[in-house]
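Those protein sequences? They're chains A and B, same order as listed. The opening position of the first sequence corresponds to residue 1 in my numbering, with each subsequent residue numbered one higher. The opening position of the second sequence corresponds to residue 1 in my numbering, with each subsequent residue numbered one higher.
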Amino acid sequence: MSPSTLIARPTISVSTSLPPPPLAAAAPAKPGIIIRDLNVWFGDNHALKNVSLEIPDKNVTAIIGPSGCGKSTLIRALNRMHETTPGARVQGRVTVHGEDILDPEADPVLVRRKIGMVFQKANPFPTLSIYENVAAGLKLNGLAKGFPMEDIVEESLRDAALWDEVKDKLRQPGTSLSGGQQQRLCIARALAVRPDVLLLDEPCSALDPISTAKIEELILSLAGTFTLVIVTHNMQQAARVSGKTAFFLLGELIEFDDTPKIFTNPARKETEDYITGRFG
Amino acid sequence: MTLIAFDSGRYRRRKLFGRLAFASTALCAAGVLSALFFILGYLWVHGISSINWDFLTKLPKPVGETGGGMANALVGSAELLGLAGLFGLPTGVFAGIYLSEYGHNRFGTIVRYTTDILNGVPSIVIGIFAYTLFVLPMRRFTALAGGAALGAMMIPIAVRTTEEFMNLVPTSVREAAYALGIPRWKTVVFIVIPTALRGIVTGIMLDFARVAGETAPLLFTAFGNRYWSRGILEPTSSLPVMITHTPFPPMRTGTARPGRRAWFF
C-alpha cells in the first residue's frame, strides 16, 4: 500500500502533491468504502450499532430508513464530520480506497479533502460570490497556486450542471440563486477539490420536483467518476439513482443489496414493511 | 352553541380588563417616545442657534466672555476614543472570537462571567483604577490614562457582541467549510468572521457611542484642558468633561452654553 495521504507528515503532504487528475479521468480500480463493525455514540445514545458494509467504487449507494435510524450518522462518520458534534464517539474501522480514515493519526482535514459532503440544506458561503464559492475549497486549502482556477471553476460548474445558468453572473453572491441552484452550487463547490467520494445527506429534501430531477440527473452523470453515497427519505429517489441500497432501522443495518432486489424482492420483513409503506 | 357571547357580567368584566391592559401598555409606550422627543426637541430649540463655525473651530473663551467654541474638546474626544479603541477593541473582539469558537469549556464560562462583572463596574471605579495605574506613577493627567479607562469600559460590550454575532453564523456554513477540508482556523478567519463582520462592526459603533458620553472615568485621568492638548501624555479636553465643568460657575453666561454643548453631543 502506498504511504497514507491522510496523515500529515513533513515529507509527504497532500498540499505538495501533483495536481489532481481532471474530473473525467478514469481512476485505477480500487476497493471502495469498507465499513467494519462501526459503532457511533452521541453521549449515551448508541446511534449506530455494529454496521458492516462494503460500498462499491464509482457507483451510487443509497441509504434509506425512517428518521432517526442512523442514516446521517453513518455518512457523517465517513468523513469524520461527527467529530464536530460534542460528545460523539466512534468505534470500528472504515477504509476508503484502502486507507483507514478513523485512524486517530489520520488528519480529519485531509480525510475531508478526499471525501466531500453535500448537506440537506444548501449552504453556500454567504459572503462569497458564485465564483468564490466554487474556488473556496482550493483557495483556502492553499492548493490554488499554479492552478488554472477559472478553468477549474468552469469545469466544476459544468459538472454540477449549473454553468449555463450562472456563467453571466459569476460575481453575484451565491445566496442570490434559487434553492435548487444553490444546492448545485454546493455540489460544484464540493467537486472543485476533486474528492474521491461524495457524500450527499438528503440533498433534495428541501427542493421542488424539477430541481430534484436536475440533481438526480447530475448524480447519475457523476456516478462513473466518483463514489457517491446518498442518504434519502425518498424511496423512489433511491430506486431511480442508486445501484445498491442499504436499509437501516434503529441504528442497525437491516439489509444491503442491489437496488432492484431491495425494492422488488427484499429478504427481510422489516425492509418490505418499510418500502411498501406499512410503517415509517 | 352560539358564537355571540352572552351578555353576562363576567364577559363584560373580561373585555373591560383587556381594554384597560391594552391602554396601559400603549400609554407607557407613548411615554417612552415622548420622553425622548421632549429631550431632543428641547435641545434642538435651545441649542441649534449656538451651533456655528466658531463653535466647531475656536477654543473656549475665558470664563465670563461670550462666544468661542470647543474645538479642543472635539479633537480631544476623538483622540481619547481612538486610544480607547486601540486598548479595548483588540482585546474585546479577540476574546469574543475565542469565546464563540473555543470557549465552550470551564475557562470560557469564567471569562463570560468576568466580562459581565466588568460590564457592571461603575465607570467612576474604572476611572480611579486608571488613575492609580497611570496618573499616580506618571505624576500627571494624560490622554493615555483616559484612553485606557475608556478602553477598559469598551471591552465587555466588544466581547459579548462579537461572541453573539459569531454564534449567529449558522452551523451549516461552518460544516460546509469543514466538509471541503478547510482547517478550523481558516474557517474561522475566512468564512465565519466575514459572515459576522457586519454585526461586529455595528457592535463596535455602539460601543464607541456608549463610552463617548462617559465623564466619570475621564475626571481624574484625561482631566480636561482649556487649550489644545500637546500630546497623549498631556491633560486633554473632551466633550463630556467640558460640558460638566464650564457652565456652572458663572451662571450669568446663560443657559445657551450648556444648551448648545448638549445639543452638539
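Even for Gly, the Cβ is constructed at its ideal location relative to N, Cα and C.
Residue i - containing beta strand (DSSP E), residue span
i: His46 (chain A); result: Asn45 to Ile55
i: Thr61 (chain A); result: Val60 to Ile64
i: Glu255 (chain A); result: Glu252 to Asp258
i: Lys244 (chain A); result: Lys244 to Leu249
i: Ile182 (chain B); result: Segment: none, Ile182 (chain B) is in no beta strand (DSSP E) and carries neither H nor E.
i: Asp201 (chain A); result: Val197 to Asp201
Per-residue DSSP class, three states only, for residue i
i: Ile130 (chain A); result: helix
i: Val189 (chain B); result: helix
i: Trp228 (chain B); result: coil
i: Phe223 (chain B); result: coil
i: Asp207 (chain B); result: helix
i: Leu218 (chain A); result: helix
i: Thr253 (chain B); result: Reliability of the predicted coordinates at Thr253 (chain B) is poor, the pLDDT of 43 falling under 50, and the value obtained from them is presented with this limitation in mind. Helix, per DSSP.
i: Val169 (chain B); result: coil
i: Asn234 (chain A); result: coil
i: Arg36 (chain A); result: strand
i: Asp273 (chain A); result: helix
i: Gly68 (chain B); result: strand
i: Pro235 (chain B); result: coil
i: Pro266 (chain A); result: coil
i: Pro28 (chain A); result: Unreliable placement is indicated for Pro28 (chain A), whose pLDDT of 43 sits below 50; no coordinate value is reported for it.
i: Ser8 (chain B); result: coil
Extent of the continuous alpha helix (DSSP H) run through residue i
i: Ile48 (chain B); result: Segment: none, Ile48 (chain B) is in no alpha helix (DSSP H) and carries neither H nor E.
i: Ala188 (chain A); result: Gly179 to Ala192
i: Phe226 (chain A); result: Careful: Phe226 (chain A) lies outside any alpha helix (DSSP H) and carries neither H nor E.
i: Asp208 (chain A); result: Neither: Asp208 (chain A) is in no alpha helix (DSSP H) and is coded neither H nor E.
i: Ser286 (chain A); result: The requested residue 286 (chain A) is not part of the displayed model; chain A covers only 1 to 280.
i: Asp168 (chain A); result: Careful: Asp168 (chain A) lies outside any alpha helix (DSSP H) and carries neither H nor E.
i: Thr85 (chain A); result: That residue, Thr85 (chain A), is in no alpha helix (DSSP H); it is neither H nor E in DSSP.
i: Leu59 (chain B); result: No alpha helix (DSSP H) holds Leu59 (chain B); DSSP gives it neither H nor E.
Whole-number beta carbon distance between residue j and residue i, since they are thought to touch under 8 Å
i: Ala317 (chain A); j: Val60 (chain A); result: One cannot answer for residue 317 (chain A) here, as it falls past the ends of chain A, which runs 1 to 280.
i: Val40 (chain A); j: Val111 (chain A); result: Contact flag wrong, Cβ pair sits at about 16 Å.
i: Ile187 (chain A); j: Ala62 (chain A); result: Not quite, the Cβ-Cβ distance comes to about 17 Å (not below 8 Å), so this is no contact.
i: Thr236 (chain B); j: Leu80 (chain B); result: 7 Å
i: Ala238 (chain A); j: Ile64 (chain A); result: 5 Å
i: Pro217 (chain B); j: Ala130 (chain B); result: 7 Å
i: Ala122 (chain A); j: Gly87 (chain A); result: The Cβ separation is near 27 Å, so there is no contact.
i: Leu56 (chain B); j: Ala73 (chain B); result: Going by Cβ atoms, the distance from Leu56 (chain B) to Ala73 (chain B) rounds to 11 Å, so no, they are not a contact pair.
i: Lys269 (chain A); j: Asp258 (chain A); result: About 19 Å; that fails the 8 Å criterion.
i: Glu234 (chain B); j: Ser123 (chain B); result: So it is not a contact: roughly 22 Å between Cβ atoms.
i: Thr161 (chain B); j: Ile200 (chain B); result: 7 Å
i: Arg87 (chain B); j: Ala26 (chain B); result: The question names Arg, but residue 87 (chain B) in the sequence shown is Phe. So it is not a contact: roughly 45 Å between Cβ atoms.
i: Thr73 (chain A); j: Ala47 (chain A); result: 5 Å
i: Thr115 (chain B); j: Val159 (chain B); result: 5 Å
i: Gln183 (chain A); j: Pro209 (chain A); result: Contact doesn't hold; Cβ gap of about 14 Å is too wide.
i: Val153 (chain A); j: Ala192 (chain A); result: 7 Å
Any chain E beta carbon closer than 8 Å to residue i
i: Thr73 (chain A); result: Protein chains A and B are contained in the structure displayed, whereas chain E is not.
Quiz item: Should the segment 193–213 of chain B be called in touch with the segment 165–178 of chain A, which here means at least 3 C-beta pairs below 8 Å?
Solution: no
Exercise. Please go through the segment 87–165 of chain A and give each complete alpha helix (DSSP H) segment of 4 or more residues, from N-terminal end onward.
Key: 108–114, 130–140 and 149–159
Quiz item: Touch check for the segment 135–152 of chain B and the segment 212–224 of chain B: three-plus C-beta pairs under 8 Å?
Solution: The count of Cβ pairs closer than 8 Å, one atom from the segment 135–152 of chain B and one from the segment 212–224 of chain B, reaches three, so the stretches are in contact.
Quiz item: Can at least three beta-carbon pairs, one atom from the segment 128–139 of chain A and one from the segment 86–101 of chain A, be found at a separation below 8 Å?
Solution: no
Self-check item: Segments assigned alpha helix (DSSP H), at least 4 residues, entirely inside the segment 91–143 of chain B
Solution: Runs found: 106–120 and 123–130.
Quiz item: Looking at C-beta atoms only, is the number of pairs between the segment 143–161 of chain A and the segment 127–135 of chain A that lie closer than 8 Å three or more?
Solution: Touching, yes.
Quiz item: Per the contact definition of three or more C-beta pairs closer than 8 Å, is the segment 74–91 of chain A in contact with the segment 32–50 of chain A?
Solution: Yes, the segment 32–50 of chain A touches the segment 74–91 of chain A.
Quiz item: Would you call the segment 150–166 of chain B and the segment 185–205 of chain B in contact, with 3 or more CB pairs under 8 Å?
Solution: yes
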